[in-house]
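A quick write-up on the structure given underneath.
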Amino acid sequence: MKVVLISATANSLAPIEEAFRRYAPDVEYVHLLDSDLLFHLERAGEITASIRSRFVDLVRLAEQSGADLIQLTCSAFNGMVPYLQQLTEVRIFRSDQAVLDRALEYGRIGLVSTVSATPVALSGYLKEKRPDVQVISEVEDGAIHLLSEGRKQEHDEKVIRLIRKIESRVDVIVLSQYSIEHVRQLVQSEVPILGAASATAQHVRECLEETERQRLTRT
0 MKVVLISATA NSLAPIEEAF RRYAPDVEYV HLLDSDLLFH LERAGEITAS
50 IRSRFVDLVR LAEQSGADLI QLTCSAFNGM VPYLQQLTEV RIFRSDQAVL
100 DRALEYGRIG LVSTVSATPV ALSGYLKEKR PDVQVISEVE DGAIHLLSEG
150 RKQEHDEKVI RLIRKIESRV DVIVLSQYSI EHVRQLVQSE VPILGAASAT
200 AQHVRECLEE TERQRLTRT
């Protein structure tokens, strides 16, 4: 069975590939990347008709490739999933769905992000699932681009500072983007730190295994 990963930045590719190697090595996956989408969102400040149209094209390509599941990898666009799901029978998952469902087991949830649109999308999901949840966000907007500029250490230091600013006020920390998951290995904290890519790979494996079990039961 096949999962198609739809990405809006190349910075998401390596983290999700590493997560699949570690947690779902038998899952077949392919990438669909439109690396201008994140820049487009930053320029526009909102999801535009053009962005929606390009995502529709990506979903159609995923269908044509024989996808059993479509997985977004860029958290800033997760709010589009309900719209996109209406266009296809292939299940589409948010990049943050698995990690946020885990985070909801805690009281106060801290979100660490390097793209300003990310905490808005994540907070909406959390509030929909549990209206009384307390969400605290720390953002270093634009720091994600340091990775593609070869300034990884500077990027990581900024993310670590965000973690330090938020850890005393929350019960769990969510590293909201795949591009910052690696920082989890660089910092010790008294509160759990959850990575989105790892949770996604495990969730995809479980979903595909369940789909295969259902298929075998019907035959």
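Residue 55 in numbering that gives the first Met the number 0 sits at position 56 of the sequence shown, with consecutive numbering throughout. Cβ atoms here follow ideal geometry from the backbone N, Cα and C, with glycine treated the same way. Computed from a predicted structure; not experimentally measured.
Query                                                                                                             : Result
Buried or exposed (CB count within 10 angstroms, at least 16 for buried), S94                                     : buried
C-beta atoms of L121 and L99 nearer than 8 Å                                                                      : yes
Range of the contiguous alpha helix (DSSP H) that encloses H181                                                   : Here H181 belongs to no alpha helix (DSSP H), and DSSP marks it neither H nor E.
Endpoints, beta strand (DSSP E) assigned at L110                                                                  : R107 to S112
Per-residue DSSP class, three states only, for E209                                                               : helix
First through last residue of the beta strand (DSSP E) which encompasses S6                                       : K1 to S6
Closest Cα partner of D56 within the set G44, E189, M0 and L36                                                    : L36
Host beta strand (DSSP E) of Q133 (start-end)                                                                     : Q133 to V138
Nonlocal neighbours in the same chain, by C-beta distance under 6 Å from Y105, ignoring five residues either side : D170 and V171
CA nearest to the CA of V2, picked from E153, G149 and A66                                                        : A66
Counted within 10 angstroms of its Cβ, other Cβ atoms place Y177 as buried (16 or more) or exposed                : buried
Contacting residues, own chain, Cβ-Cβ under 7 Å from S11 (five flanking each side not counted)                    : T72, C73, Y177 and S178
A18 versus E209 - alpha carbon distance                                                                           : 20 Å
C-alpha gap between V134 and V26, whole angstroms                                                                 : 33 Å
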